[in-house]
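Colleague: Here it is: the structure, laid out below.
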Amino acid sequence: MNDILHELEARRQAARLGGGEARIQAQHARGKLTARERIELLLDEGSFEEFDMFVTHRATEFGMERDRPAGDGVVTGWGTVNGRLVYVFSQDFTVFGGSLSETHAQKICKIMDMALRNGAPVVGINDSGGARIQEGVSSLAGYAEVFQRNVLASGVIPQISLIMGPCAGGAVYSPAMTDFILMVKDTSYMFVTGPEVVRTVTNEVVTAEELGGAVTHTRRSSVADAAFENDVETIIEARRLIDFLPLSNRSGVPTRPFFDDPARVEPSLDTLIPDNANTPYDMRELIQKVADEGDLYEIQADFAKNILTGFIRLEGSTVGVVANQPLHLAGCLDIDASRKAARFVRFCDAFEIPILTLVDVPGFLPGTAQEYNGIIKHGAKLLFAYAEATVPKVTVITRKAYGGAYDVMASKHLRGDVNYAWPTAEIAVMGAKGAVEILYRAERGDPEALAQRTRDYEDRFANPFVAAERGFIDEVIQPRSTRRRVARAFAMLRNKKLENPWKKHDNIPL
Ligand code: HXC
1 MNDILHELEA RRQAARLGGG EARIQAQHAR GKLTARERIE LLLDEGSFEE FDMFVTHRAT
61 EFGMERDRPA GDGVVTGWGT VNGRLVYVFS QDFTVFGGSL SETHAQKICK IMDMALRNGA
121 PVVGINDSGG ARIQEGVSSL AGYAEVFQRN VLASGVIPQI SLIMGPCAGG AVYSPAMTDF
181 ILMVKDTSYM FVTGPEVVRT VTNEVVTAEE LGGAVTHTRR SSVADAAFEN DVETIIEARR
241 LIDFLPLSNR SGVPTRPFFD DPARVEPSLD TLIPDNANTP YDMRELIQKV ADEGDLYEIQ
301 ADFAKNILTG FIRLEGSTVG VVANQPLHLA GCLDIDASRK AARFVRFCDA FEIPILTLVD
361 VPGFLPGTAQ EYNGIIKHGA KLLFAYAEAT VPKVTVITRK AYGGAYDVMA SKHLRGDVNY
421 AWPTAEIAVM GAKGAVEILY RAERGDPEAL AQRTRDYEDR FANPFVAAER GFIDEVIQPR
481 STRRRVARAF AMLRNKKLEN PWKKHDNIPL
């Protein structure tokens with residue numbers, strides 16, 4: 001018996017070493033943690049239960065039969081994050097460069113299937129040279145098996161990808177179909193074709209970092225949701241994100257003890273809106289003053305800064321926030337902002353996360369660049385996402401809500417449940433200046449008359465009361481009491497039931 005126990009321990013030791021000491025040192029020398037160290041950091045101490053530690057590949061070409069490291073380049077299993085179940089796979093770059101073989105894919109699929117059956121998130125830690133070259137089409141088949149599961153799991157369990165090394169070629173499409181991608185600056189990259197191929201085909205000279213590094217994907221392409229300095233910070237932030245997320249689409253949002261009074265009054269909000277309607281202010285301040293403990297987890301903070309998306313808690317429960325940001329492009333909706341917010345709204349709706357919308361939007365951004373690139377279709381994504389969402393929707397208009405953008409931003413007409421406005425709200429078809437120029441074209445030569453017309457228009461329309469008279473705004477509230485009003489509204493909506501008509505699926509303007 002003792003011998004067998006020793007053999008088990010010896011086999012485990014060998015498996016834990018992955019590709020061996022030298023390669024582990026090389027991994028560390030690059031500032032990267034190993035696959036196992038990453039899992040240790042991600043999960044609660046001692047909670048990791050590993051599967052398939054002794055799985056080996058079955059390839060025989062290129063002398064592969066003589067090299068069968070236990071685990072086959074990926075560590076898989078389950079554990080907890082702050083006591084809540086998650087499944088995890090972590091590719092081991094020290095074993096064949098973390099490349100994906102048939103058996104490596106089977107290990108990933110096993111935990112994805114379990115996660116789907118048991119209703120808990122999957123965290124995928126990607127650090128891989130792509131398809132295992134020695135295995136050819138078997139490896140491609142393995143990727144497709146993973147892709148298929150990514151799609152079936154979408155909207156059922158949260159899927160989070162941490163990119164902590166290379167992720168290239170078709171391999172990028174697995175993370176691309178997950179809900180959130182977090183990247184590490186300088187040591188991770190994602191691209192469909194690498195710098196060499198790009199140079200050959202297009203003559204563009206570009207480094208891997210420029211082509212597909214964390215900064216590129218969080219600022220330009222919006223492929224990734226956040227970028228961090230190193231492995232440790234990335235994993236700590238992943239834990240923070242998981243704390244906000246439901247385990248599945250049927251679990252309901254997580255709630256946790258809270259120590260922040262839901263009725264907390266914030267007198268400073270009464271002066272948040274500047275006297276001049278064209279002066280910007282930081283919408284983030286409002287979000288933080290509404291949120292429990294001021295805690296906001298921003299998604300895509302570095303992309304389309306004219307709209308803010310992220311998670312907060314109210315009375316300990318997760319709420320998704322979408323907010324126009326007047327500090328950037330005056331808070332206009334453009335293509336990037338519409339895409340960013342639409343995807344976020346759909347994530348919230350899929351996982352039954354209530355949505356708080358804070359509105360200060362002068363309209364859609366004008367210009368040929370916007371029209372030629374399809375603002376009609378992209379703007380429609382956000383409209384579509386809000387209109388189909390059945391989760392509790394609470395909206396607060398702080399200042400401008402003009403034109404189509406008023407309709408889009410979770411208005412009453414798109415089944416907003418509770419629609420509040422601050423007294424500073426201006427809800428109209430357009431701003432006073434533009435309206436007067438169209439209505440009183442004949443008086444164009446008379447600036448004084450136009451100024452009077454503008455003042456008249458502002459008096460009549462630049463307020464929340466026209467909308468409130470029609471019931472499109474449920475109540476005009478004091479800025480200082482926003483947290484209390486919003487928290488009570490969501491509490492009132494806790495048992496909301498609303499269903500869309502049966503359909504196979506909708507046809508959102510992709
Ligand atoms: C098998 C691989 C491998 C792969 C790396 N290795 N990639 N083994 N299949 N795809 C092995 C290397 O042989 C080496 O083994 C070890 O991993 C580390 O690789 P190095 O090249 O020494 O590391 P580094 O210099 O850091 O370069 C990393 C790399 C490079 C940029 C990822 O290895 C590389 O370009 N690999 C090939 C990438 C690729 O073309 N993959 C297929 C893409 S197509 P030793 O024994 O020396 O430690 C694809 C399609 C997916 O992925 C399709 C899905 C639909």
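Under UniProt numbering, think of the first position of the sequence shown as 1, with each following residue one higher. Built from N, CA and C at the ideal position, the CB exists for glycine as well. Predicted model only: the values in this text are computed from it and were never measured.
#1: Give the range of the beta strand (DSSP E) segment to which Pro447 is assigned.
#2: Taking only runs of the alpha helix (DSSP H) that begin and end inside the segment 256-301, which ones reach a length of at least 4 residues, in chain order?
#3: With respect to the alpha helix (DSSP H) encompassing Glu49, which residues constitute its N-terminal and C-terminal limits?
#4: Quick check on Thr234: does DSSP put it in helix, strand or coil?
#5: Please report the distance separating the alpha-carbon of Phe62 from that of Arg132.
#6: Can Ile335 and Val321 be called in contact, C-beta distance under 8 Å?
#7: For Ile375, which residues from the same chain have a beta carbon less than 8 Å from its beta carbon, with the 5 sequence-adjacent residues on both sides left out?
#8: Taking 7 Å as the cut-off, does the CB of Phe96 come closer than this to any heavy atom belonging to ligand 1?
#9: Just checking Pro166 against ligand 1 - is the residue's beta carbon closer than 7 Å to any of the ligand's heavy atoms?
#10: Can you list, in chain order, the residues of its chain whose CB lies under 6 Å from that of His378, leaving out five sequence neighbours each side?
#11: Rounded C-beta distance between Asp92 and Gly79? I'm assuming under 8 Å.
#12: Pull the bridge partners of Arg343 from the DSSP assignment, please.
#13: Can you list, in chain order, the stretches of the beta strand (DSSP E) that have 3 or more residues and sit fully within the segment 321-393?
#14: Starting from Asn306, trace the alpha helix (DSSP H) both ways and give me its first and last residue.
#15: Going by beta carbon distance, what residues of the same chain come within less than 6 Å of Cys167, once the five residues before and after it are set aside?
#16: Sorry if obvious, but does the Cβ on Ser99 come closer than 7 Å to a heavy atom of ligand 1?
#17: For Ile125, which residues does DSSP report across the bridge?
#18: Return yes when the C-beta of Tyr143 is under 7 Å from any heavy atom of ligand 1, and no when it is not.
#19: Which two residues bound the contiguous beta strand (DSSP E) that contains Tyr420?
#20: Alpha carbon to alpha carbon, how far is Ser101 from Thr94?
#21: For Gly77 and Asp231, I'd like the C-alpha separation in whole angstroms.
#22: Which residue comes first and which comes last in the beta strand (DSSP E) that contains Ala227?
#23: Are three or more beta carbon pairs between the segment 347-359 and the segment 322-330 nearer than 8 Å?
#24: Using 8 Å as the threshold, is the segment 471-479 in touch with the segment 410-422, meaning 3 or more CB pairs across them?
#25: Could you give the distance in angstroms between the alpha-carbon of Phe147 and the alpha-carbon of Arg346?
#26: Got a sec? Which residues, its chain only, sit under 8 Å from Pro362 by beta carbon, not counting five neighbours each side?
#27: State buried or exposed for Lys433, treating a residue as buried only when at least 16 other CB atoms are found within 10 Å of its CB.
#28: Starting from Thr482, trace the alpha helix (DSSP H) in both directions and tell me its first and last residue.
#29: In terms of residues, what are the limits of the alpha helix (DSSP H) holding Gly212?
#30: Excluding the 5 residues flanking Phe384 on each side, which residues of the same chain have their C-beta closer than 6 Å to its C-beta?
#31: Taking 7 Å as the line, does the beta carbon of Val131 fall inside it for any heavy atom of ligand 1?
#32: Only counting the same chain, and skipping five residues up and downstream in sequence, which positions put a Cβ closer than 7 Å to that of Pro274?
#33: When you compare each of Ala425, Ala10 and Ala227 to Asn276 by their alpha carbons, which one comes out closest?
#34: Any heavy atom of ligand 1 within a distance shorter than 7 Å of the CB on Arg470?
#35: Keeping to the same chain, check which residues put their C-beta closer than 6 Å to that of Gly212; ignore five residues upstream and five downstream.
#36: Going by DSSP in three states, Leu100 sits in which element: helix, strand or coil?
Modeller: On the basis of the coordinates in this document:
#1: Element bounds for Pro447: not the beta strand (DSSP E) but the alpha helix (DSSP H), Pro447 to Phe461.
#2: 283-290
#3: Element bounds for Glu49: not the alpha helix (DSSP H) but the beta strand (DSSP E), Glu49 to Phe51.
#4: helix
#5: 12 Å
#6: no
#7: Asp334, Ile335, Ser338, Phe364 and Leu365
#8: yes
#9: yes
#10: Ile335, Ser338 and Arg339
#11: Contact flag wrong, Cβ pair sits at about 17 Å.
#12: Paired residues: none, contrary to the question.
#13: 355-361
#14: Taken as a continuous stretch (DSSP letters only), Asn306 belongs to no alpha helix (DSSP H), as it is neither H nor E.
#15: Asn126 and Met190
#16: yes
#17: Ser90 and Leu162
#18: yes
#19: Val418 to Ala421
#20: 14 Å
#21: 20 Å
#22: Ala226 to Phe228
#23: yes
#24: yes
#25: 20 Å
#26: Ala330, Gly331, Cys332, Lys400, Tyr402, Ala405 and Gly431
#27: exposed
#28: Thr482 to Met492
#29: Ala208 to Gly212
#30: Ile508
#31: A small correction: the amino acid at residue 131 is Ala; Val does not occupy that position in the sequence shown. Checking every heavy atom of ligand 1 against the Cβ of Ala131, one is found closer than 7 Å.
#32: Tyr281
#33: Ala425
#34: no
#35: Tyr189, Met190 and Phe191
#36: strand
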